[in-house]
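Trainee: Going by my numbering, the first residue of the sequence shown is number 16, and it counts up by one from there.
Ideal placement from N, C-alpha and C gives every residue a C-beta, glycine not left out.
A quick note: this is a predicted structure, and the numbers were derived from the prediction, not measured.
Encoded as structure tokens, here's the structure I'll be asking about.
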Amino acid sequence: MKKDLKNFIGKAAVLCSVVALLGIGVSTNVSAKVRVELTKSMPWVNSDKVTCRQISADGKVSSNSLKTVAWVMEYRGSDGLWHYQKNSNEWLRFSPGTTVPSLTGDIYGKCDQRLQLNPYGAGDDGKGGIATGYLYVVQ
Numbered sequence: 016m017k018k019d020l021k022n023f024i025g026k027a028a029v030l031c032s033v034v035a036l037l038g039i040g041v042s043t044n045v046s047a048k049v050r051v052e053l054t055k056s057m058p059w060v061n062s063d064k065v066t067c068r069q070i071s072a073d074g075k076v077s078s079n080s081l082k083t084v085a086w087v088m089e090y091r092g093s094d095g096l097w098h099y100q101k102n103s104n105e106w107l108r109f110s111p112g113t114t115v116p117s118l119t120g121d122i123y124g125k126c127d128q129r130l131q132l133n134p135y136g137a138g139d140d141g142k143g144g145i146a147t148g149y150l151y152v153v154q
């Protein structure tokens, strides 16, 4: 019984150490933070662009938002145009009052990338979302 308890405590200590080290590693790999605000009068909003290989994003949809809001990651292709990283049917949409967890985009050759906040809902006229998003450069 004591041996099983010691093994369990030892494994739990190792797991906690690994998780702590991973957290430190992730936090030191983020080098830029860009804020973007979506107000209810906007059909969508794009963050400033960042030049990098990969981005991540998080944020919050206001409890006063009239619509769900999609967190959409984009990149500028070699054609000079902006492209969505996922098709619109795959966009992650978050309800009013939701804290958006950290979402990580695809890895590209170094290029411009940005975050778009986009309201979505039945009878959507392109307005009614309220949210704050953050875009991070992942090194």
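Using the DSSP secondary-structure output, state which residues sit across from residue 61 in a beta bridge.
Mentor: Residue 61 is bridged to 131.
Trainee: Which first and last residues belong to the beta strand (DSSP E) in which residue 75 is found?
Mentor: Where residue 75 is concerned, the enclosing beta strand (DSSP E) stretches over 69–76.
Trainee: Name the residue from 154, 142 and 150 whose alpha carbon lies nearest to the alpha carbon of residue 238.
Mentor: Residue 238 is absent from the structure shown; the chain starts at 16 and stops at 154.
Trainee: Could you have a look at residue 103 and say whether DSSP puts it in helix, strand or coil?
Mentor: DSSP places residue 103 in helix when its eight states are reduced to three.
Trainee: Can you tell me the Cα-Cα spacing of residue 121 and residue 94, whole angstroms?
Mentor: Roughly 18 Å separates the two Cα atoms.
Trainee: Whose C-beta lies closer than 6 Å to the C-beta of residue 111 among residues of the same chain, with five residues either side of it excluded?
Mentor: The residues are 76, 78 and 80.
Trainee: Could you tell me the alpha carbon to alpha carbon distance between residue 105 and residue 130, rounded to whole angstroms?
Mentor: Cα-Cα distance, rounded: 15 Å.
Trainee: Taking residue 135 as the reference, give the member of 73, 108 and 147 with the closest Cα.
Mentor: Here the closest residue by C-alpha is 108.
Trainee: What three-state label does DSSP hand residue 66 in the structure shown?
Mentor: Strand.
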